[in-house]
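The structure appears below as structure tokens.
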Amino acid sequence: MSRRLAAASNDSIGKVCPAELDPICLPAHVAVIMDGNGRWAQARGLPRVMGHRAGVEALKSTLRLCSDWGVKALTAYAFSTENWSRPGDEVNFLMTLFERVLQRELQGLEAEQVRIRFLGDLQALPEKLQNLIADATARTAANTGIHFNVCTNYGGRRELVLAAQALAGRAARGELDPATIDENTMAAELYTAGEQDPDLLIRTSGERRISNFLLWQLAYAEIHVTDVFWPDFNRDALMAALVDYQGRKRRFGGLEALRTDALGS
Ligand code: FPP
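Those letters in the sequence shown? Residues 2 to 266, by this note's numbering.
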């Protein structure tokens, strides 16, 4: 399909992929480490938590743009297993923020056909938040639009340990022959089971770390680091990340670029 035709068919179903991007080579799955909220706030003389509040707006706009442009899944790192060590006031603010955002946005997410899931050890979250998460997950489970994964009390190493425990348990009960364990068996035990691996990881605020995020799933992701603080991550910043991605040659350890993006599978 020519680029013009692809863009036209994109438009015809209500999606508007900008002319700067090739809709055929969009990443199917984008992951984001939303870093720099605290510094964004401090630079404005505001309490750190105001950066998290502003970060919600950046996340909403990123989700809508990804959905409109044809990205199939967006996975955001909202709260790590390490974030509990932050001051109690900041942790409480974040938990309340998650609750309020879920209450406020759920109807809109439903209307836009977003399928939302929360990935992580959810049992450690406040009960009210757990209930809101269960409700949002159930109410959007059959939606046919973008997959929106919110990593909450998520840790990549913890995820791998839990997967190992689950497989070892099945082997010990005689349900699984250890010799048959392969990458698919392992992937099926992760929080992301059923989701294609991210093609692109975006990290804001200039840090060049993975920070225990999607350690298994990011094996072949392209990484885009921007100095922009997360609350300032806007249409231009997303565009820059996608243009950067589209300039990469993906080799997956081989010699030829393979396509696993939006239209390649
Ligand atoms: C990292 O910035 C950001 C976080 C730990 C929280 C991110 C959460 C949101 C944007 C809210 C999302 C809400 C929902 C419901 C999904 P930082 O505080 O580490 O920034 P710093 O490095 O400048 O200190």
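We treat Cβ as the ideally placed atom computed from N, Cα and C, and that holds for glycine. Computed from a predicted model, the values in this text were never measured in an experiment.
Practice prompt. On the DSSP bridge assignment, give the partners of residue 152 in chain order.
Written response: Under the DSSP definition of a beta bridge, residue 152 partners with 78, 120.
Worksheet item: Can you tell me the Cα-Cα spacing of residue 204 and residue 174, whole angstroms?
Response: 41 Å
Fill in: Inside the region 160-198 only - alpha helix (DSSP H) runs reaching at least 4 residues
184-188
Worksheet item: Out of curiosity, what's the CA-to-CA distance linking residue 1 and residue 38?
Response: Shown here, the chain extends from 2 to 266; a query on residue 1 therefore has no answer.
Worksheet item: Taking the continuous alpha helix (DSSP H) assigned at residue 59, which residues delimit it?
Response: DSSP places residue 59 inside the alpha helix (DSSP H), whose first and last residues are 49-70.
Worksheet entry | Sequence-distant residues of the same chain with beta carbon closer than 7 Å to residue 13, five excluded per side | With a pLDDT of 42 at residue 13, under the threshold of 50, the modelled position of this residue cannot be trusted; read the value that follows with caution. Taken in chain order, the list of residues that qualify is empty.
Discussion item. Suppose contacts are defined by Cβ-Cβ distances below 7 Å. Is residue 216 in contact with residue 202 by that definition?
Written reply: No, these two residues do not count as a Cβ contact at 7 Å.
Worksheet item: residue 33: beta carbon under 6 Å from a heavy atom of the ligand FPP?
Response: no
Item to complete: From the DSSP output, read off the bridge partner residues of residue 203.
Response: According to DSSP, which records beta bridges pairwise, residue 203 is partnered with 33, 225.
Worksheet item: Taking just the CA atoms, how far does residue 120 sit from residue 148?
Response: 12 Å
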